[in-house]
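Trainee: Quick one: structure below, then a few questions.
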Amino acid sequence: MSKSAEVELTQLKHAISYLVGLLEEGSLVDRYDKNTREEIASVLQMLVSKVADLPDTIPEHLVQAATVRSIIAAKEKHAEIHLSEEEENLARHMREIEAAASIQGHTLGEWERVSGSKLEYQATCRDCDGLVYISHASTYNLLIDGCVRGQA
Ligand SMILES: [Zn+2]
Numbered sequence: 002m003s004k005s006a007e008v009e010l011t012q013l014k015h016a017i018s019y020l021v022g023l024l025e026e027g028s029l030v031d032r033y034d035k036n037t038r039e040e041i042a043s044v045l046q047m048l049v050s051k052v053a054d055l056p057d058t059i060p061e062h063l064v065q066a067a068t069v070r071s072i073i074a075a076k077e078k079h080a081e082i083h084l085s086e087e088e089e090n091l092a093r094h095m096r097e098i099e100a101a102a103s104i105q106g107h108t109l110g111e112w113e114r115v116s117g118s119k120l121e122y123q124a125t126c127r128d129c130d131g132l133v134y135i136s137h138a139s140t141y142n143l144l145i146d147g148c149v150r151g152q153a
């Protein structure tokens, strides 16, 4: 005896939603890379809602297209999150270095983007020409302790 398609769909949706939760939480799948886990969880969520919105009669290749669209949408969503985290780190590194430079008696000029890079900046002290460099991942404070004016 086969159960109804409706019951099977309900059970399948429940199973997928449980899988999404496990992927997001991560403890059962701790060998999976975190970003990949979260992205696949997004793909599954989007796929369930896209399939629900598909018309009754639709060629199979358009069903497949819903899968590809879900993957692309999840990729874009996670790229945005990733970028905004990097931008936050960059801004925090700028504030930290500015505070440190000021405590050391330096006066930093404008931040200049390092050419050819997206999230790397450098600034020099107006008085001693000392250099600081930051990226989203690291900071380098090459200022001497206590600014010495006029010595480059
Ligand atoms: Zn200085």
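Take 2 as the starting number for the sequence shown in our numbering and just add one per residue.
The beta carbon of each residue, even a glycine, is placed where N, CA and C say it ideally should be.
What runs of the alpha helix (DSSP H), each 4 residues or longer, lie entirely inside the stretch 55 to 141?
Mentor: 61 to 104
Trainee: Going by DSSP in three states, Leu20 sits in which element: helix, strand or coil?
Mentor: helix
Trainee: So, using beta-carbon positions, are Arg127 and Gly110 closer together than 8 Å?
Mentor: yes
Trainee: Taking the Cβ atom as the reference point for each residue, do Val149 and Ile98 lie within a distance shorter than 8 Å?
Mentor: Taking C-beta atoms as the reference points, Val149 and Ile98 fail to come closer than 8 Å.
Trainee: Report, in whole angstroms, the separation of the C-beta atoms of Thr125 and Gly131, which I expect to be a contact under 8 Å.
Mentor: 7 Å
Trainee: Would you call the CB atoms of Ala42 and Val21 closer than 8 Å?
Mentor: yes
Trainee: Below 8 Å on the Cβ atoms is my contact criterion, and I expect His107 with Leu120 to pass it. Report the Cβ-Cβ distance as a whole number of Å.
Mentor: Not confirmed; about 23 Å, so no contact.
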